[in-house]
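Peer 1: So the sequence shown is residues 537 to 998, counted in our numbering.
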Amino acid sequence: MKKTISMVMALLMLTALLCSCGSGVKNEGLTVDDFADSSETQQGWISVLDSNVVVNPAEYQGNDSANGNRMALNLGLLDESKNVTTALDDVIFLLEDNAANGVGGEVIFTTNENVDNIKSILRYGTKVTLNYEDGIFTATQTGAASNTIKLSKRLSVDFNKDIVAILNVSNYTPGTTFVKDDAETDPSWGFSASMQVVDADNKKENISILAKANAEKAEKLVAYISDVVETQTTKDLATSKGNLDATITIYGNDTYITVDDFQIVLIDKGFKYAESEAKTTWYPYAIVSELEYPNGTKATTTDYFADYTTVARKIEFGSEGLFTLAGKVEGVLTYDIANNVMVVDGEGYTYAIAPKKKQDVKFYNSEADMLADKNGTTEPTESTKYWTVSLGKIEIGSEVFVAASVVADSEGVSVEQLIDRVKVATEAGKAPDRLEYTKSWWDNYIHVFELPDDLILNVPKK
537 MKKTISMVMA LLMLTALLCS CGSGVKNEGL TVDDFADSSE TQQGWISVLD
587 SNVVVNPAEY QGNDSANGNR MALNLGLLDE SKNVTTALDD VIFLLEDNAA
637 NGVGGEVIFT TNENVDNIKS ILRYGTKVTL NYEDGIFTAT QTGAASNTIK
687 LSKRLSVDFN KDIVAILNVS NYTPGTTFVK DDAETDPSWG FSASMQVVDA
737 DNKKENISIL AKANAEKAEK LVAYISDVVE TQTTKDLATS KGNLDATITI
787 YGNDTYITVD DFQIVLIDKG FKYAESEAKT TWYPYAIVSE LEYPNGTKAT
837 TTDYFADYTT VARKIEFGSE GLFTLAGKVE GVLTYDIANN VMVVDGEGYT
887 YAIAPKKKQD VKFYNSEADM LADKNGTTEP TESTKYWTVS LGKIEIGSEV
937 FVAASVVADS EGVSVEQLID RVKVATEAGK APDRLEYTKS WWDNYIHVFE
987 LPDDLILNVP KK
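1. Could you tell me if residue 965 is buried or exposed, where buried requires 16 or more neighbouring beta carbons within 10 angstroms of its beta carbon?
2. Take residue 595 as the anchor and find which of 818, 946, 763 and 921 has the nearest alpha-carbon.
3. Determine the direct distance from the alpha carbon of residue 806 to that of residue 599, and round the result to whole angstroms.
4. Round the Cβ separation of residue 589 and residue 847 to the nearest angstrom and send it over; I've been treating them as touching at under 8 Å.
5. Of the residues 892, 950, 976 and 663, which one's Cα is nearest the Cα of residue 959?
6. Going by DSSP, what residue range makes up the beta strand (DSSP E) through residue 881?
7. Hey, how far is the Cα of residue 672 from the Cα of residue 641?
8. To which residues of the same chain is residue 980 closer than 8 Å at the C-beta, ignoring the five residues directly before and after it?
9. Would you tell me roughly how many angstroms separate the C-alpha atoms of residue 941 and residue 804, rounded to the nearest one?
10. Give me the Cα-Cα distance between residue 574 and residue 797, rounded to the nearest whole angstrom.
11. Below 6 Å CB to CB, which residues in the same chain sit around residue 631 once its five sequence neighbours on both sides are set aside?
12. Using a Cβ-Cβ cut-off of 7 Å (strictly less than) and excluding sequence neighbours within five positions of residue 607, which residues of its own chain qualify?
13. Excluding five sequence neighbours on each side, which residues of the same chain lie with their C-beta closer than 8 Å to the C-beta of residue 967?
14. Figure out for me which residue from 638, 812, 921 and 627 has the closest Cα to the Cα of residue 904.
15. I'd like to know whether the C-beta atoms of residue 809 and residue 605 end up nearer to each other than 8 Å.
16. How big is the Cα-Cα spacing for residue 601 and residue 977?
17. Does residue 577 come out as helix, strand or coil in the three-state DSSP assignment?
18. Cβ of residue 857 within 8 Å of Cβ of residue 833?
19. Just tell me which of 758, 609, 635 and 973 has its CA closest to the CA of residue 786.
20. Are residue 930 and residue 801 closer than 8 Å when you measure CB to CB?
21. Determine which residues share a DSSP beta bridge with residue 932 and list them.
22. Could you give the uninterrupted runs of the beta strand (DSSP E) lying entirely in the stretch 785 to 863, keeping only those of 3 residues or more?
23. Along the chain, where does the beta strand (DSSP E) containing residue 656 start, and where does it finish?
24. Where residue 580 and residue 923 are concerned, what is the direct C-alpha to C-alpha distance, given to the nearest angstrom?
25. Just grab the DSSP bridge partners of residue 923 for me.
26. Write down the C-beta distance between residue 627 and residue 887 rounded to the nearest angstrom, noting that I regard them as a contact closer than 8 Å.
27. To the nearest angstrom, how far is the alpha carbon of residue 983 from that of residue 568?
28. Determine the direct distance from the alpha carbon of residue 907 to that of residue 659, and round the result to whole angstroms.
29. Alpha carbons only, please: which of 664, 763, 649 and 585 is nearest the one belonging to residue 616?
30. So, are the CB atoms of residue 782 and residue 689 less than 8 Å apart?
31. Mind checking whether residue 762 and residue 843 have CB atoms under 8 Å apart?
32. Please report the Cβ distance between residue 593 and residue 610, rounded to the nearest whole angstrom; I am assuming they are in contact, meaning their Cβ atoms lie under 8 Å.
33. Rounded to a whole number of angstroms, what is the C-alpha to C-alpha distance between residue 613 and residue 873?
34. Based on Cα-Cα distance, which residue from 702, 823 and 894 lies nearest to residue 571?
Below, the structure is given as C-alpha coordinates:
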(Lines of atoms letter the chains of each structure in order from A and count residues from 1; the text may use other names and numbers.)
(Lines give C-alpha, C1' and ligand atoms only; values in the text may rest on other atoms or scores of the structure.)
Protein backbone atom coordinates (compact mmCIF):
# COMPACT_ATOMS: atom_id res chain seq x y z
CA MET A 1 0.00 0.00 0.00
CA LYS A 2 1.46 3.35 -1.01
CA LYS A 3 2.37 5.75 1.76
CA THR A 4 -0.14 8.52 2.23
CA ILE A 5 2.63 10.98 3.00
CA SER A 6 4.42 10.09 -0.26
CA MET A 7 1.39 10.99 -2.33
CA VAL A 8 0.96 14.22 -0.44
CA MET A 9 4.53 15.33 -0.88
CA ALA A 10 4.81 14.18 -4.50
CA LEU A 11 2.00 16.15 -6.05
CA LEU A 12 1.61 19.07 -3.68
CA MET A 13 -2.09 18.74 -4.36
CA LEU A 14 -3.15 18.58 -0.73
CA THR A 15 -1.79 21.94 0.28
CA ALA A 16 -4.82 22.73 2.39
CA LEU A 17 -4.40 19.50 4.30
CA LEU A 18 -0.69 20.12 4.84
CA CYS A 19 -1.43 23.64 6.07
CA SER A 20 -4.04 22.48 8.54
CA CYS A 21 -3.63 23.81 12.01
CA GLY A 22 -4.68 22.51 15.40
CA SER A 23 -3.52 18.92 15.68
CA GLY A 24 -0.63 19.40 13.23
CA VAL A 25 3.02 19.27 14.33
CA LYS A 26 5.96 21.07 12.78
CA ASN A 27 8.50 19.17 10.59
CA GLU A 28 11.50 20.67 12.26
CA GLY A 29 14.75 19.03 11.17
CA LEU A 30 13.24 17.03 8.32
CA THR A 31 14.56 17.16 4.75
CA VAL A 32 13.68 15.33 1.54
CA ASP A 33 16.30 12.71 2.43
CA ASP A 34 14.18 11.70 5.41
CA PHE A 35 11.44 10.62 3.01
CA ALA A 36 13.69 8.35 0.94
CA ASP A 37 11.94 5.08 0.17
CA SER A 38 13.72 2.13 -1.43
CA SER A 39 11.13 -0.45 -0.43
CA GLU A 40 9.06 -2.56 -2.81
CA THR A 41 6.02 -0.51 -1.83
CA GLN A 42 7.57 2.85 -2.70
CA GLN A 43 5.39 5.22 -4.67
CA GLY A 44 7.61 5.07 -7.76
CA TRP A 45 6.26 8.18 -9.52
CA ILE A 46 6.59 11.95 -9.15
CA SER A 47 4.85 15.08 -10.40
CA VAL A 48 4.51 18.70 -9.32
CA LEU A 49 1.69 21.14 -8.67
CA ASP A 50 0.04 22.61 -11.77
CA SER A 51 1.75 20.06 -14.05
CA ASN A 52 -0.02 17.50 -16.19
CA VAL A 53 3.19 15.49 -16.60
CA VAL A 54 4.02 12.48 -14.46
CA VAL A 55 7.20 10.41 -14.30
CA ASN A 56 6.41 6.68 -14.46
CA PRO A 57 2.74 6.68 -15.49
CA ALA A 58 2.47 2.91 -14.93
CA GLU A 59 3.31 3.32 -11.24
CA TYR A 60 0.95 6.28 -11.07
CA GLN A 61 -1.84 3.93 -12.17
CA GLY A 62 -0.85 1.31 -9.60
CA ASN A 63 1.16 -0.93 -11.93
CA ASP A 64 4.86 -1.59 -12.50
CA SER A 65 7.00 -0.41 -15.41
CA ALA A 66 8.33 -3.28 -17.52
CA ASN A 67 11.57 -1.62 -18.64
CA GLY A 68 13.66 -1.39 -15.48
CA ASN A 69 16.54 -3.19 -17.22
CA ARG A 70 17.52 -0.09 -19.20
CA MET A 71 17.07 2.79 -16.71
CA ALA A 72 14.18 4.12 -18.77
CA LEU A 73 12.65 7.55 -18.35
CA ASN A 74 8.89 7.05 -18.79
CA LEU A 75 6.58 10.06 -19.05
CA GLY A 76 2.80 10.43 -18.99
CA LEU A 77 0.29 13.19 -19.70
CA LEU A 78 -2.66 13.73 -17.35
CA ASP A 79 -6.06 15.24 -18.10
CA GLU A 80 -7.90 17.70 -15.83
CA SER A 81 -9.15 14.80 -13.72
CA LYS A 82 -5.56 13.61 -13.27
CA ASN A 83 -6.08 10.48 -15.35
CA VAL A 84 -3.33 9.27 -17.68
CA THR A 85 -4.22 10.06 -21.29
CA THR A 86 -0.83 9.38 -22.88
CA ALA A 87 1.93 7.05 -21.69
CA LEU A 88 5.36 7.38 -23.31
CA ASP A 89 7.78 4.65 -22.26
CA ASP A 90 11.50 4.61 -23.04
CA VAL A 91 11.63 8.32 -23.87
CA ILE A 92 15.27 8.09 -22.79
CA PHE A 93 17.19 5.00 -21.68
CA LEU A 94 20.74 3.64 -21.37
CA LEU A 95 22.42 0.87 -23.32
CA GLU A 96 25.78 -0.75 -22.66
CA ASP A 97 27.96 -1.22 -25.74
CA ASN A 98 28.89 -4.85 -26.47
CA ALA A 99 32.55 -3.79 -26.47
CA ALA A 100 32.38 -2.26 -22.98
CA ASN A 101 35.40 -3.27 -20.88
CA GLY A 102 36.57 -5.71 -23.54
CA VAL A 103 34.36 -8.58 -22.39
CA GLY A 104 33.94 -11.53 -24.77
CA GLY A 105 34.69 -11.49 -28.48
CA GLU A 106 37.35 -13.11 -30.64
CA VAL A 107 40.98 -12.81 -29.53
CA ILE A 108 43.08 -12.08 -32.64
CA PHE A 109 46.32 -11.42 -30.80
CA THR A 110 47.65 -12.39 -27.39
CA THR A 111 51.07 -12.39 -25.78
CA ASN A 112 50.21 -15.73 -24.18
CA GLU A 113 50.71 -17.57 -27.49
CA ASN A 114 53.71 -18.03 -29.79
CA VAL A 115 56.10 -16.88 -27.08
CA ASP A 116 59.19 -17.11 -29.30
CA ASN A 117 57.52 -14.92 -31.91
CA ILE A 118 56.49 -12.38 -29.29
CA LYS A 119 60.09 -12.19 -28.03
CA SER A 120 61.25 -11.31 -31.51
CA ILE A 121 58.96 -8.24 -31.72
CA LEU A 122 59.42 -6.94 -28.18
CA ARG A 123 61.49 -3.77 -27.86
CA TYR A 124 62.27 -1.90 -24.66
CA GLY A 125 64.36 0.99 -23.48
CA THR A 126 67.75 0.97 -21.81
CA LYS A 127 66.19 1.77 -18.44
CA VAL A 128 63.93 -1.28 -18.57
CA THR A 129 64.70 -4.73 -17.19
CA LEU A 130 62.29 -7.24 -18.69
CA ASN A 131 61.70 -10.96 -18.21
CA TYR A 132 59.27 -12.76 -20.53
CA GLU A 133 58.32 -16.39 -19.89
CA ASP A 134 55.22 -18.48 -20.52
CA GLY A 135 53.35 -15.53 -21.95
CA ILE A 136 53.86 -13.34 -18.87
CA PHE A 137 56.37 -10.53 -18.72
CA THR A 138 57.62 -8.69 -15.68
CA ALA A 139 59.32 -5.35 -16.15
CA THR A 140 61.09 -2.83 -13.97
CA GLN A 141 62.30 0.56 -15.11
CA THR A 142 64.25 3.18 -13.23
CA GLY A 143 63.91 6.44 -15.06
CA ALA A 144 61.64 8.73 -17.00
CA ALA A 145 63.67 8.38 -20.20
CA SER A 146 64.01 5.22 -22.32
CA ASN A 147 61.50 3.52 -20.08
CA THR A 148 58.97 2.13 -22.55
CA ILE A 149 58.17 -1.33 -23.84
CA LYS A 150 57.01 -1.57 -27.45
CA LEU A 151 55.43 -4.34 -29.44
CA SER A 152 54.60 -3.99 -33.15
CA LYS A 153 52.37 -6.38 -35.06
CA ARG A 154 50.39 -6.38 -38.32
CA LEU A 155 46.92 -7.83 -37.78
CA SER A 156 44.18 -8.74 -40.22
CA VAL A 157 40.95 -7.27 -38.87
CA ASP A 158 37.29 -6.87 -39.74
CA PHE A 159 36.48 -3.20 -39.24
CA ASN A 160 32.78 -4.02 -39.10
CA LYS A 161 33.52 -5.21 -35.57
CA ASP A 162 34.74 -3.27 -32.56
CA ILE A 163 38.47 -3.55 -31.96
CA VAL A 164 39.54 -3.48 -28.32
CA ALA A 165 43.02 -3.60 -26.78
CA ILE A 166 43.32 -5.06 -23.28
CA LEU A 167 46.26 -5.04 -20.87
CA ASN A 168 45.84 -7.46 -17.95
CA VAL A 169 48.06 -6.59 -14.97
CA SER A 170 48.56 -8.68 -11.83
CA ASN A 171 51.38 -6.93 -10.00
CA TYR A 172 52.62 -3.35 -9.89
CA THR A 173 54.35 -0.85 -7.64
CA PRO A 174 52.20 0.04 -4.58
CA GLY A 175 50.72 3.48 -5.05
CA THR A 176 50.92 3.26 -8.83
CA THR A 177 48.41 5.46 -10.60
CA PHE A 178 46.92 4.62 -13.97
CA VAL A 179 46.22 8.02 -15.43
CA LYS A 180 46.16 9.90 -18.72
CA ASP A 181 48.96 12.21 -17.61
CA ASP A 182 52.50 11.76 -18.84
CA ALA A 183 54.39 8.98 -17.09
CA GLU A 184 57.16 11.46 -16.29
CA THR A 185 55.04 13.20 -13.66
CA ASP A 186 53.90 10.35 -11.40
CA PRO A 187 54.71 6.69 -10.83
CA SER A 188 52.40 5.12 -13.36
CA TRP A 189 51.88 2.41 -15.91
CA GLY A 190 49.60 2.45 -18.88
CA PHE A 191 49.62 1.87 -22.60
CA SER A 192 48.89 3.69 -25.81
CA ALA A 193 48.83 2.65 -29.43
CA SER A 194 49.65 4.11 -32.80
CA MET A 195 47.91 2.50 -35.76
CA GLN A 196 48.07 2.41 -39.51
CA VAL A 197 45.01 1.12 -41.35
CA VAL A 198 45.78 -0.70 -44.61
CA ASP A 199 42.75 -1.50 -46.75
CA ALA A 200 42.26 -4.13 -49.46
CA ASP A 201 43.70 -1.77 -52.09
CA ASN A 202 46.81 -1.28 -49.95
CA LYS A 203 45.78 2.28 -49.22
CA LYS A 204 47.23 3.34 -45.90
CA GLU A 205 46.12 5.89 -43.36
CA ASN A 206 47.75 6.74 -40.06
CA ILE A 207 45.86 7.12 -36.81
CA SER A 208 47.20 9.29 -34.04
CA ILE A 209 48.23 7.97 -30.63
CA LEU A 210 45.36 6.30 -28.84
CA ALA A 211 44.42 7.92 -25.54
CA LYS A 212 46.38 6.29 -22.79
CA ALA A 213 44.17 3.84 -21.00
CA ASN A 214 43.33 4.41 -17.37
CA ALA A 215 41.33 2.57 -14.75
CA GLU A 216 40.38 2.84 -11.10
CA LYS A 217 41.48 -0.76 -10.69
CA ALA A 218 44.78 -1.31 -12.44
CA GLU A 219 44.20 -5.03 -13.04
CA LYS A 220 42.66 -4.39 -16.46
CA LEU A 221 43.31 -1.47 -18.79
CA VAL A 222 41.08 -1.19 -21.85
CA ALA A 223 41.46 0.97 -24.97
CA TYR A 224 38.83 1.18 -27.70
CA ILE A 225 40.69 1.22 -31.01
CA SER A 226 37.53 1.35 -33.14
CA ASP A 227 36.59 4.74 -31.70
CA VAL A 228 39.83 6.16 -33.03
CA VAL A 229 39.55 4.39 -36.38
CA GLU A 230 36.02 5.71 -36.94
CA THR A 231 36.79 9.31 -36.00
CA GLN A 232 40.20 9.73 -37.62
CA THR A 233 40.01 7.92 -40.96
CA THR A 234 38.64 9.47 -44.14
CA LYS A 235 35.27 8.50 -45.58
CA ASP A 236 36.74 6.90 -48.72
CA LEU A 237 38.97 4.47 -46.86
CA ALA A 238 37.65 0.93 -47.39
CA THR A 239 37.31 -0.14 -43.79
CA SER A 240 35.42 -3.41 -44.13
CA LYS A 241 38.44 -5.67 -43.91
CA GLY A 242 42.12 -4.90 -43.96
CA ASN A 243 45.30 -4.82 -41.94
CA LEU A 244 46.04 -2.94 -38.76
CA ASP A 245 49.69 -2.14 -38.11
CA ALA A 246 49.64 -1.81 -34.35
CA THR A 247 52.45 -0.42 -32.23
CA ILE A 248 51.64 -0.85 -28.56
CA THR A 249 53.59 1.21 -26.05
CA ILE A 250 53.64 0.28 -22.37
CA TYR A 251 55.07 3.12 -20.32
CA GLY A 252 55.98 3.75 -16.71
CA ASN A 253 58.12 5.77 -14.31
CA ASP A 254 60.24 4.27 -11.53
CA THR A 255 57.91 1.32 -11.15
CA TYR A 256 57.63 -2.40 -11.74
CA ILE A 257 54.78 -4.25 -13.37
CA THR A 258 53.73 -7.80 -14.25
CA VAL A 259 51.66 -8.13 -17.42
CA ASP A 260 49.74 -11.41 -17.52
CA ASP A 261 48.48 -10.83 -21.02
CA PHE A 262 48.09 -8.26 -23.73
CA GLN A 263 45.21 -8.90 -26.13
CA ILE A 264 43.55 -7.40 -29.16
CA VAL A 265 39.94 -8.55 -29.44
CA LEU A 266 37.21 -8.26 -32.08
CA ILE A 267 33.68 -7.85 -30.64
CA ASP A 268 30.38 -7.74 -32.54
CA LYS A 269 29.00 -4.23 -32.70
CA GLY A 270 25.78 -3.53 -30.87
CA PHE A 271 24.27 -2.85 -27.49
CA LYS A 272 22.63 -4.68 -24.61
CA TYR A 273 20.17 -4.14 -21.80
CA ALA A 274 21.00 -5.12 -18.23
CA GLU A 275 20.14 -8.58 -16.97
CA SER A 276 18.42 -7.23 -13.86
CA GLU A 277 16.06 -4.44 -12.85
CA ALA A 278 17.32 -1.10 -11.59
CA LYS A 279 17.21 -0.45 -7.86
CA THR A 280 15.18 2.69 -7.28
CA THR A 281 14.75 5.12 -4.40
CA TRP A 282 11.82 7.54 -4.28
CA TYR A 283 12.20 11.08 -2.93
CA PRO A 284 9.61 13.86 -2.98
CA TYR A 285 11.70 15.73 -5.55
CA ALA A 286 13.24 12.90 -7.61
CA ILE A 287 13.54 9.22 -8.43
CA VAL A 288 17.06 7.80 -8.18
CA SER A 289 17.92 4.54 -9.95
CA GLU A 290 21.05 2.38 -9.89
CA LEU A 291 21.95 -0.40 -12.31
CA GLU A 292 24.95 -2.51 -13.32
CA TYR A 293 25.13 -3.86 -16.86
CA PRO A 294 26.52 -7.27 -17.96
CA ASN A 295 30.03 -6.02 -18.81
CA GLY A 296 30.36 -4.16 -15.52
CA THR A 297 29.40 -0.63 -16.55
CA LYS A 298 27.50 1.05 -13.68
CA ALA A 299 25.29 4.11 -13.67
CA THR A 300 23.04 6.10 -11.34
CA THR A 301 20.26 8.30 -12.69
CA THR A 302 18.36 11.08 -10.91
CA ASP A 303 15.09 12.14 -12.58
CA TYR A 304 13.54 15.44 -11.45
CA PHE A 305 11.35 18.27 -12.74
CA ALA A 306 13.23 21.21 -14.24
CA ASP A 307 9.91 23.01 -14.93
CA TYR A 308 6.24 22.07 -15.23
CA THR A 309 6.65 20.16 -18.50
CA THR A 310 10.34 19.26 -18.46
CA VAL A 311 11.99 16.33 -16.71
CA ALA A 312 15.77 16.42 -16.45
CA ARG A 313 18.01 13.44 -15.82
CA LYS A 314 21.42 13.45 -14.20
CA ILE A 315 23.50 10.40 -15.18
CA GLU A 316 26.47 9.52 -12.97
CA PHE A 317 28.93 6.77 -13.86
CA GLY A 318 30.24 4.47 -11.14
CA SER A 319 32.64 2.42 -13.25
CA GLU A 320 34.48 2.57 -16.53
CA GLY A 321 32.95 1.19 -19.69
CA LEU A 322 30.95 2.28 -22.73
CA PHE A 323 27.43 3.68 -22.58
CA THR A 324 25.06 4.79 -25.32
CA LEU A 325 22.05 7.04 -24.75
CA ALA A 326 18.93 5.90 -26.59
CA GLY A 327 15.22 6.58 -26.95
CA LYS A 328 12.04 5.13 -28.42
CA VAL A 329 10.12 7.29 -30.89
CA GLU A 330 6.33 7.54 -30.45
CA GLY A 331 5.49 9.66 -33.49
CA VAL A 332 7.52 11.32 -36.25
CA LEU A 333 10.98 12.51 -35.24
CA THR A 334 12.89 15.48 -36.59
CA TYR A 335 16.45 16.28 -35.53
CA ASP A 336 17.39 19.92 -35.00
CA ILE A 337 21.15 19.58 -35.51
CA ALA A 338 21.87 23.23 -34.75
CA ASN A 339 20.30 22.97 -31.29
CA ASN A 340 21.09 19.26 -30.89
CA VAL A 341 17.47 18.59 -29.94
CA MET A 342 15.14 15.84 -31.17
CA VAL A 343 11.45 16.73 -31.55
CA VAL A 344 8.73 14.08 -31.82
CA ASP A 345 5.30 14.94 -33.18
CA GLY A 346 2.76 12.40 -31.88
CA GLU A 347 -1.00 12.01 -31.87
CA GLY A 348 -2.17 14.88 -29.70
CA TYR A 349 1.21 15.59 -28.11
CA THR A 350 4.72 16.80 -28.86
CA TYR A 351 7.92 16.18 -26.97
CA ALA A 352 11.51 17.35 -27.26
CA ILE A 353 14.69 15.64 -26.08
CA ALA A 354 18.10 17.17 -25.43
CA PRO A 355 20.66 14.33 -25.50
CA LYS A 356 23.38 16.88 -24.70
CA LYS A 357 26.10 15.06 -26.63
CA LYS A 358 25.98 14.83 -30.41
CA GLN A 359 28.66 12.31 -31.37
CA ASP A 360 27.73 9.33 -33.51
CA VAL A 361 23.97 10.05 -33.63
CA LYS A 362 22.07 7.22 -35.36
CA PHE A 363 18.45 6.40 -36.15
CA TYR A 364 16.88 2.94 -36.55
CA ASN A 365 13.58 1.54 -37.80
CA SER A 366 13.35 -1.24 -35.20
CA GLU A 367 14.56 -2.29 -31.77
CA ALA A 368 16.37 -5.29 -33.30
CA ASP A 369 18.33 -3.04 -35.67
CA MET A 370 19.21 -0.72 -32.79
CA LEU A 371 20.48 -3.50 -30.53
CA ALA A 372 22.56 -5.00 -33.36
CA ASP A 373 23.69 -1.54 -34.54
CA LYS A 374 22.62 -2.42 -38.07
CA ASN A 375 20.94 -0.36 -40.79
CA GLY A 376 21.38 2.84 -38.82
CA THR A 377 21.10 6.19 -40.57
CA THR A 378 22.55 9.59 -39.74
CA GLU A 379 19.22 11.33 -40.41
CA PRO A 380 15.75 10.31 -39.20
CA THR A 381 12.96 9.18 -41.53
CA GLU A 382 9.20 8.81 -41.08
CA SER A 383 9.92 5.16 -40.17
CA THR A 384 12.39 5.96 -37.37
CA LYS A 385 11.48 4.16 -34.14
CA TYR A 386 14.71 4.46 -32.12
CA TRP A 387 17.69 6.79 -31.84
CA THR A 388 21.09 6.43 -30.19
CA VAL A 389 23.84 8.86 -29.16
CA SER A 390 27.23 7.52 -28.14
CA LEU A 391 28.47 8.72 -24.76
CA GLY A 392 31.93 7.38 -25.55
CA LYS A 393 34.33 5.93 -23.03
CA ILE A 394 33.03 6.45 -19.51
CA GLU A 395 35.22 7.79 -16.74
CA ILE A 396 34.44 7.07 -13.11
CA GLY A 397 32.75 10.01 -11.42
CA SER A 398 31.77 11.76 -14.65
CA GLU A 399 28.20 12.91 -15.20
CA VAL A 400 25.87 13.90 -18.03
CA PHE A 401 22.60 15.87 -17.95
CA VAL A 402 19.81 15.15 -20.45
CA ALA A 403 16.17 16.28 -20.54
CA ALA A 404 12.77 15.71 -22.13
CA SER A 405 9.78 18.07 -22.26
CA VAL A 406 6.29 16.91 -23.27
CA VAL A 407 3.04 18.82 -23.79
CA ALA A 408 -0.41 18.12 -25.13
CA ASP A 409 -1.16 19.90 -28.40
CA SER A 410 -4.12 21.59 -26.67
CA GLU A 411 -1.70 23.53 -24.44
CA GLY A 412 -0.56 25.67 -27.35
CA VAL A 413 3.16 25.38 -26.57
CA SER A 414 5.37 25.91 -29.62
CA VAL A 415 8.21 23.65 -30.70
CA GLU A 416 10.58 26.55 -30.16
CA GLN A 417 9.44 26.80 -26.54
CA LEU A 418 9.99 23.06 -25.99
CA ILE A 419 13.47 23.29 -27.48
CA ASP A 420 14.29 26.21 -25.22
CA ARG A 421 13.05 24.34 -22.14
CA VAL A 422 15.23 21.26 -22.66
CA LYS A 423 18.24 23.38 -23.55
CA VAL A 424 17.86 25.41 -20.35
CA ALA A 425 17.47 22.21 -18.30
CA THR A 426 20.76 20.82 -19.62
CA GLU A 427 22.73 24.05 -19.86
CA ALA A 428 26.41 23.47 -19.21
CA GLY A 429 27.50 24.57 -15.77
CA LYS A 430 23.97 25.38 -14.62
CA ALA A 431 22.22 22.00 -14.66
CA PRO A 432 23.81 20.84 -11.35
CA ASP A 433 22.74 24.10 -9.70
CA ARG A 434 19.19 23.61 -10.96
CA LEU A 435 19.08 20.16 -9.38
CA GLU A 436 20.36 21.50 -6.07
CA TYR A 437 17.79 24.30 -6.21
CA THR A 438 15.00 21.77 -6.78
CA LYS A 439 16.11 19.75 -3.79
CA SER A 440 16.45 22.79 -1.52
CA TRP A 441 13.03 24.06 -2.62
CA TRP A 442 11.49 20.81 -1.39
CA ASP A 443 13.44 21.01 1.85
CA ASN A 444 12.00 24.49 2.43
CA TYR A 445 8.52 23.31 1.53
CA ILE A 446 8.71 20.56 4.12
CA HIS A 447 9.88 23.04 6.74
CA VAL A 448 7.16 25.63 6.03
CA PHE A 449 4.07 23.45 6.23
CA GLU A 450 2.70 21.32 9.03
CA LEU A 451 1.66 17.71 8.80
CA PRO A 452 -1.49 16.41 10.51
CA ASP A 453 -0.95 13.87 13.27
CA ASP A 454 -2.26 10.95 11.24
CA LEU A 455 0.31 11.64 8.52
CA ILE A 456 3.36 12.41 10.65
CA LEU A 457 3.30 8.78 11.78
CA ASN A 458 4.60 7.80 8.35
CA VAL A 459 7.58 10.13 8.48
CA PRO A 460 10.86 8.45 9.50
CA LYS A 461 12.00 9.37 12.97
CA LYS A 462 15.33 11.10 13.55
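We put the CB at the ideal spot given by N, CA and C, even for glycine.
Note that the structure is a prediction, hence the values are computed from the model and not measured.
Peer 2: Working from what's here:
1. Label assigned to residue 965: exposed.
2. It is 818.
3. Approximately 31 Å, taken between the alpha carbons.
4. At roughly 7 Å, the Cβ-Cβ gap stays under 8 Å, so residue 589 and residue 847 are in contact.
5. Between residue 959 and the set 892, 950, 976 and 663, the nearest pair of CA atoms involves 892.
6. 877 to 881 is the extent of the beta strand (DSSP E) around residue 881.
7. Computed Cα separation, rounded: 22 Å.
8. Scanning its chain for C-beta atoms nearer than 8 Å, with the 5 sequence neighbours on each side dropped, one finds no residue around residue 980.
9. In a straight line, the C-alpha of residue 941 is about 35 Å away from that of residue 804.
10. If I take the Cα positions, the gap works out to 42 Å.
11. For residue 631, same chain residues with a beta-carbon under 6 Å away, outside a window of 5 residues either side, are 807, 860 and 862 in chain order.
12. When the five nearest sequence neighbours on each side are left out, the beta carbons in the same chain lying within less than 7 Å of the beta carbon of residue 607 are those of 629, 630, 814, 825, 827, 835 and 837, in order along the chain.
13. Contacts found: 848, 850, 937 and 961.
14. When C-alpha distances from residue 904 are compared across 638, 812, 921 and 627, the shortest belongs to 921.
15. Contact check for residue 809 against residue 605 passes: the beta carbons are separated by less than 8 Å.
16. The straight-line gap from Cα to Cα measures roughly 28 Å.
17. It is coil, neither helix nor strand.
18. Going by C-beta atoms, residue 857 is nearer than 8 Å to residue 833.
19. Of 758, 609, 635 and 973, the residue nearest in Cα terms is 758.
20. No, these two residues do not count as a Cβ contact at 8 Å.
21. BP columns for residue 932 are empty, so no partner.
22. The stretch 785 to 863 is shown to contain whole beta strand (DSSP E) runs of 3 or more residues at 791 to 803, 815 to 818, 822 to 828, 834 to 841 and 846 to 853, in chain order.
23. Counted as a single uninterrupted DSSP element, the stretch harbouring residue 656 is not any beta strand (DSSP E) but the alpha helix (DSSP H) occupying residues 651 to 657.
24. Spanning the two alpha carbons is a distance of roughly 26 Å.
25. Partner(s): 863 and 899.
26. Between the beta-carbon of residue 627 and that of residue 887 there is about 7 Å, and that keeps the pair under the 8 Å contact cut.
27. Rounded to whole angstroms, residue 983 to residue 568 spans 10 Å at the Cα level.
28. So the alpha carbons of these two residues sit roughly 41 Å apart.
29. Comparing Cα-Cα distances from residue 616 to each of 664, 763, 649 and 585, the minimum goes to 585.
30. Yes.
31. No, they are not a contact pair.
32. For a cut-off of 8 Å, the C-beta gap from residue 593 to residue 610 is around 6 Å, short enough to register as a contact.
33. So the alpha carbons of these two residues sit roughly 27 Å apart.
34. For residue 571, the nearest C-alpha among the options comes from 823.
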